[in-house]
C-alpha cells in the first residue's frame, strides 16, 4: 500500500487516520497499527500517538533490559508491536508490527515508512532491522 501523493494521504491512509480521529496529512504509523488491531477485534488505544501503544502493562521487552517480561524469542513474536526511540523527540516516534526473526534481525511490517527507514515514508513495507535498534516491544494480543 502506498500513499497517493507522498503527503500522508490516499484512501487507505485516510481510513487509518479516521479510525483514530486524526486528519488527512497527519503521521499514521500508530494509526495503522491500531486500525489493524481494531479490524482483528483486538482492543487497542485507538490512538495516532505512538507512545500510547507502550503502556507499562503491555511492554514485554526493552532494549536496555530494564523491563523484561518475556524472553527474546517470546517478545519477538509475530503480532507484537515494536517502538523506535527518537532522541530528538525524546520519545518513541515510530511503531509497527513484528512479523518474525532471522538471527539478529527483526522482520517488521510498518506503515508510514519507506525502504530508507524514514518515520515519514510513503507506504506500508515489510522490512528487516537489527533487533537492538528497537527500543520497546509491547504485547497487545496476549502472547504471554
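In our numbering, the protein residues as written are -14 to 129.
All residues carry an ideal CB built from backbone N, CA and C; glycine is no exception.
Values in this document were obtained by computation on a predicted structure and should not be read as measured data.
Residue range of the unbroken alpha helix (DSSP H) whose run includes residue i
i: residue 97; result: Residue 97 -> not in any alpha helix (DSSP H); beta strand (DSSP E) instead, spanning 90 to 98.
i: residue 57; result: 57 to 60
CA nearest to the CA of residue i, picked from the options
i: residue -6; options: 96, 71, 56; result: 96
i: residue 217; options: 64, 81, 110, 93; result: Within the shown structure, residues of the chain are numbered from -14 to 129, placing residue 217 beyond reach of any answer.
C-alpha distance - residue i paired with residue j, whole-angstrom precision
i: residue 1; j: residue 74; result: 23 Å
i: residue 72; j: residue 27; result: 30 Å
i: residue 9; j: residue 20; result: 15 Å
i: residue 137; j: residue 117; result: With the chain covering -14 to 129 only, the question about residue 137 has no answer from this structure.
i: residue 56; j: residue 3; result: 36 Å
i: residue 15; j: residue 59; result: 22 Å
Pair within 8 Å by beta-carbon distance, residue i and residue j
i: residue 32; j: residue 78; result: no
i: residue 61; j: residue 25; result: no
i: residue 66; j: residue 18; result: yes
i: residue 108; j: residue -13; result: yes
Assigned secondary structure, residue i (DSSP; H/G/I helix, E/B strand, else coil)
i: residue 15; result: helix
i: residue 120; result: coil
i: residue 109; result: strand
i: residue -11; result: coil
i: residue 10; result: coil
i: residue 5; result: coil
i: residue 46; result: strand
Near the ligand SAM: residue i beta-carbon under 7 Å from a heavy atom
i: residue -3; result: With respect to the ligand SAM, the structure offers nothing, as it holds no ligand at all.
Residue range of the beta strand (DSSP E) that includes residue i
i: residue 81; result: 76 to 87
i: residue 68; result: 66 to 71
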